[in-house]
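This report refers to the structure that appears directly beneath it.
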Amino acid sequence: MSNQARSLLPALAVAWLLAAPEARASAPGTYGMGSRTGALAGAVTADAADFSGCFYNPAGLVSAPGLELSLGYLYADNRLRINGKDNDVADVHGLMAGIVAPGKILSLPFAFGIATYIPDNGLSRIRALRQETPRWELYNDRPTILFLSVHLAVRPLPWLEIGGGLAFLAATRGRFGIRGEADVLKPYDSQLSHEVDADLTSIRYPIAGARVKLGSLGYLGVAYRGQTKLDLALQANLEGIVDFAGVDVPLRYALETRTLDAFQPQQVVLGLSFQAVPRLRANFDLGWVNWSAYESPIPQTSAHLEAEPPPGVGVELPEDPRPVVIVPPAFQDRFVPRLGVEYVLAFGAERRVSGRPGPAKAVEIPLRAGYAYERSPVPPQEGPTNFVDADRHTISLGAGVVLNAPFSVLRGALRLDTHVAFSVLPERVTQKANPADFVGDYRADGTMIAGGATLTASF
């Protein structure tokens, strides 16, 4: 009987993988929202007037020159290693899209914005691992999750912009059950039925921000992204009759697992965008990320097997699994500096462009570069846990082409932006307090290459 029961346990494991949500964050937080922001290394808290403001600072939406439609694609190649071997951190790729619609209510300028990231390799995915198993905790399956953000911004004063709204991450919930009769000697004669009930749900968190205009120099911005997490519970049941050479034994197996996932720490970002000389803009962001609130994603599982054999038939049942003693992760808060520079080349005759205060050249070519440093929040893993991470240095480059008032039906602009970002995670050595008790010492390092393009039409 125990062998037949074990043959059904992989199906329950598959159900757990299907019913859990994706990992602990979304692609915009790791690789950027749109190619312009990706080229500026995400330093746009005070300079996000397109659909990317739905993630970085919704206050800037109200400065959009007109109705904007954006569509882009992102691809990220992750090469993260442990002891020189690739750790199979999934590559990330998907579509990004957004709409910004500015207008006025009486004399009050306002704007509505929506942005989304849609992975093209599935909406929800996770790998549940034991806490002793080394894994790149901040990047392992993190960004392959559906992201949606909806916001509203207003300008109550000529020098003040305020915006806010909600962001949504997709997740799945479900249950799994097996019923019927299993034949131990002739497994293919078993008559089993299973039931899977899974729903795509969402978790939400706030994003809000403000921008203050600094005269003709630029903007000062501040943004807040709230903490989010998802408490998960999966119940799986196996109930039926097992045939032991003509002896029917009623069997019941119950599995319950609880975990926490889709964790995203709250953060506050202060940004400055200034234009000291014509066509040259410099941005600087400094963000505080509350990683000390991180909660362990290690699942707590309970299982119980019951059997009612006929009198005189001895059956030895396995013991229920012991509860897992979860070690607190003890992550540390971090400050993340970001720097971005943009210089715009201009060519051709001057044209009137819808939404812009003055004339602009027919063709503009923005050139961009950025740098970001993300110190690892993961403390030394000297005990049983193995949350692998390293500091991350990111250098980004990008360029674009802007066609101002290219058609009679498009009096705004048509813009194509591209970018590439190269991240280096220098080697970090983990030394265990007692290597004989755990997985032993190991080295972790890696690189990440992300790139993409975004097409925006402004009407």
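FYI, in mature numbering (1 follows the signal peptide of the UniProt record, and there is no 0) the residues of the sequence shown are -25 to -1, 1 to 434. We put the CB at the ideal spot given by N, CA and C, even for glycine. Since the structure is predicted, the reported quantities are computational estimates derived from the model, not experimental observations.
May I have the straight-line CA-CA distance separating residue 268 from residue 27, to the nearest angstrom? Taking the sequence shown and counting its residues from 1, one reaches residue 268 at position 293. Taking the sequence shown and counting its residues from 1, one reaches residue 27 at position 52. Approximately 26 Å between the Cα atoms of the pair.
Could you check where the alpha helix (DSSP H) with residue 341 kicks off and where it finishes? Taking the sequence shown and counting its residues from 1, the one referred to as residue 341 is at position 366. DSSP places residue 341 outside any alpha helix (DSSP H); the residue lies instead in the beta strand (DSSP E), whose first and last residues are 335 to 349.
Can you give me the C-alpha to C-alpha distance between residue 242 and residue 22, rounded to a whole angstrom? Translated into positions along the sequence shown, residue 242 becomes position 267. Translated into positions along the sequence shown, residue 22 becomes position 47. So the two alpha carbons sit approximately 18 Å from each other.
Determine the DSSP secondary structure at residue 34, reduced to helix, strand or coil. In the sequence shown, counting from the first residue as 1, residue 34 sits at position 59. If DSSP states are grouped into helix, strand and coil, residue 34 belongs with the helices.
If the criterion is Cβ atoms closer than 8 Å, does the pair residue 374 and residue 433 meet it? Translated into the one-based positions of the sequence shown, residue 374 becomes position 399. Translated into the one-based positions of the sequence shown, residue 433 becomes position 458. No; because the gap between Cβ atoms is not below 8 Å, this pair is not in contact.
For the alpha helix (DSSP H) containing residue 6, name the first residue and the last one. Position 31 of the sequence shown, counting from 1, holds the residue named residue 6. Unbroken alpha helix (DSSP H) run through residue 6: 2 to 6.
To which residues of the same chain is residue 415 closer than 8 Å at the C-beta, ignoring the five residues directly before and after it? Counting from one through the sequence shown, the residue named residue 415 turns up at place 440. Counting only Cβ-Cβ distances below 8 Å, and skipping sequence neighbours, we find 407.
For residue 36, count neighbouring Cβ atoms within 10 angstroms of its own Cβ and tell me buried if that reaches 16, exposed if not. Counting from 1 along the sequence shown, the entry for residue 36 is found at position 61. That one is buried.
Would you be able to state if there are at least three C-beta pairs under 8 Å between the stretch 73 to 89 and the stretch 37 to 51? yes
If you draw a straight line from the C-alpha of residue -4 to the C-alpha of residue 110, how long is it? Along the sequence shown, read from residue 1 onward, the residue named residue -4 stands at position 22. Along the sequence shown, read from residue 1 onward, the residue named residue 110 stands at position 135. Because the pLDDT at residue -4 is just 36, under 50, the model does not fix this residue reliably, and the value given afterwards should be weighed accordingly. Rounded to the nearest angstrom, the two C-alpha atoms are 15 Å apart.
With contact counted as at least three CB pairs below 8 Å, one residue from each stretch, are the stretch 314 to 322 and the stretch 229 to 239 in contact? no
According to DSSP, is residue 234 part of a helix, a strand, or is it coil? For this step, residue 234 is matched to residue 259 along the sequence shown. Residue 234 falls in the strand class under three-state DSSP.
Can you tell which of 404, 191, 228 has the C-alpha that lies nearest to the C-alpha of residue 249? Stepping through the sequence shown from its first residue, residue 249 is reached at position 274. When only C-alpha atoms are compared, the closest one is 191.
Alpha carbon to alpha carbon, how far is residue 266 from residue 353? Give it in angstroms, no decimals. Translated into positions along the sequence shown, residue 353 becomes position 378. Translated into positions along the sequence shown, residue 266 becomes position 291. Distance between the alpha carbons of residue 353 and residue 266 is about 9 Å.
Span of the beta strand (DSSP E) around residue 477: No answer is possible for residue 477: the residues shown for the chain start at -25 and end at 434.
Secondary structure at residue 111, three-state DSSP: helix, strand or coil? Along the sequence shown, one-based indexing puts residue 111 at 136. Strand at residue 111.
Is residue 278 near residue 226, with beta carbons less than 8 Å apart? The sequence position of residue 278 within the sequence shown is 303, counting from 1. The sequence position of residue 226 within the sequence shown is 251, counting from 1. In this structure, residue 226 does not lie closer than 8 Å to residue 278 by Cβ.
Check for me: the beta strand (DSSP E) holding residue 122 runs from which residue to which? Counting from one through the sequence shown, the residue named residue 122 turns up at place 147. It spans 122 to 132 - the beta strand (DSSP E) in which residue 122 sits, taken as one unbroken run.
Beta-carbon within less than 6 Å of residue 203's beta-carbon, same chain only, minus the 5 sequence neighbours each way: which residues are those? Residue mapping note: residue 203 aligns to position 228 of the sequence shown, counting from 1. So the list reads 178, 180, 239, once near-sequence residues are dropped.
Report buried or exposed for residue 349, applying the criterion of at least 16 other Cβ atoms within 10 angstroms of its Cβ. Start at 1 with the first residue of the sequence shown, and residue 349 comes out as number 374. Classification of residue 349: buried, given that the 10 Å Cβ count is 16 or more.
Range covered by the beta strand (DSSP E) that runs through residue 199: Numbered from 1 along the sequence shown, position 224 holds the residue referred to as residue 199. 193 to 200 is the extent of the beta strand (DSSP E) around residue 199.
Starting from residue 45, trace the beta strand (DSSP E) both ways and give me its first and last residue. In the sequence shown, the residue the question calls residue 45 occupies position 70. Per DSSP, residue 45 belongs to the beta strand (DSSP E) from 43 to 57.
Can you look up residue 248 in the DSSP assignment and give me helix, strand or coil? Taking the sequence shown and counting its residues from 1, the one referred to as residue 248 is at position 273. Strand at residue 248.
Of the residues 8, 54, 38, the one placed nearest residue 367, counting alpha carbons only: On the sequence shown, residue 367 is found 392 positions in, with the first residue counted as 1. Comparing Cα-Cα distances from residue 367 to each of 8, 54, 38, the minimum goes to 54.
Whole angstroms is fine: what's the gap from residue 121's alpha carbon to residue 71's? Within the sequence shown, the letter at position 146 stands for residue 121. Within the sequence shown, the letter at position 96 stands for residue 71. So the two alpha carbons sit approximately 10 Å from each other.
If you draw a straight line from the alpha carbon of residue 61 to that of residue 15, how long is it in whole angstroms? Looking up residue 61 in the sequence shown gives position 86. Looking up residue 15 in the sequence shown gives position 40. C-alpha separation (whole angstroms): 29 Å.
So, at 7 Å on beta carbons, what are the nonlocal neighbours of residue 391 in its own chain, with the 5 sequence-adjacent residues on each side left out? The residue you call residue 391 lines up with position 416 of the sequence shown. 375, 376, 428, 430, listed in sequence order.
Where the beta strand (DSSP E) through residue 258 begins and ends: As a position in the sequence shown, residue 258 is number 283, starting the count at 1. Boundaries of the beta strand (DSSP E) harbouring residue 258: 255 to 264, taken from the DSSP string.
With a 10 Å radius around its C-beta and 16 neighbouring C-beta atoms as the bar for buried, classify residue 335 as buried or exposed. In the sequence shown, residue 335 corresponds to position 360, counting from 1. That one is buried.
Should residue 360 go down as buried or exposed, given a rule of 16 or more other Cβ atoms within 10 Å for buried? In the sequence shown, the residue the question calls residue 360 occupies position 385. Counting Cβ neighbours within 10 Å, residue 360 comes out buried, since at least 16 surround it.
So if DSSP puts residue 362 in a beta bridge, which residue, or which two residues, is it bridged to? To locate residue 362, count along the sequence shown from 1; it is residue 387. BP columns for residue 362 point to 110.
Quick one: give me the first and last residue of the beta strand (DSSP E) that residue 275 is part of. Reading the sequence shown from its first residue, position 300 is the one you call residue 275. Residue 275 -> beta strand (DSSP E) spans 275 to 282.
Residue 403 and residue 365 closer than 8 Å at C-beta: As a first step, residue 403 must be located in the sequence shown, where it is residue number 428. As a first step, residue 365 must be located in the sequence shown, where it is residue number 390. Result yes, Cβ atoms of residue 403 and residue 365 sit closer than 8 Å.
Boundaries (first-last residue) of the beta strand (DSSP E) holding residue 379: Translated into the one-based positions of the sequence shown, residue 379 becomes position 404. Counting along the chain, the beta strand (DSSP E) containing residue 379 begins and ends at 367 to 379.
Would you please state the rounded distance, in angstroms, between the beta carbons of residue 51 and residue 68? I believe it to be under 8 Å. The residue you call residue 51 lines up with position 76 of the sequence shown. The residue you call residue 68 lines up with position 93 of the sequence shown. Confirmed, about 7 Å.
Based on Cα-Cα distance, which residue from 30, 399, 393 lies nearest to residue 198? Sequence index remark: in the sequence shown, residue 198 carries index 223 (1-based). Closest by alpha carbon: 30.
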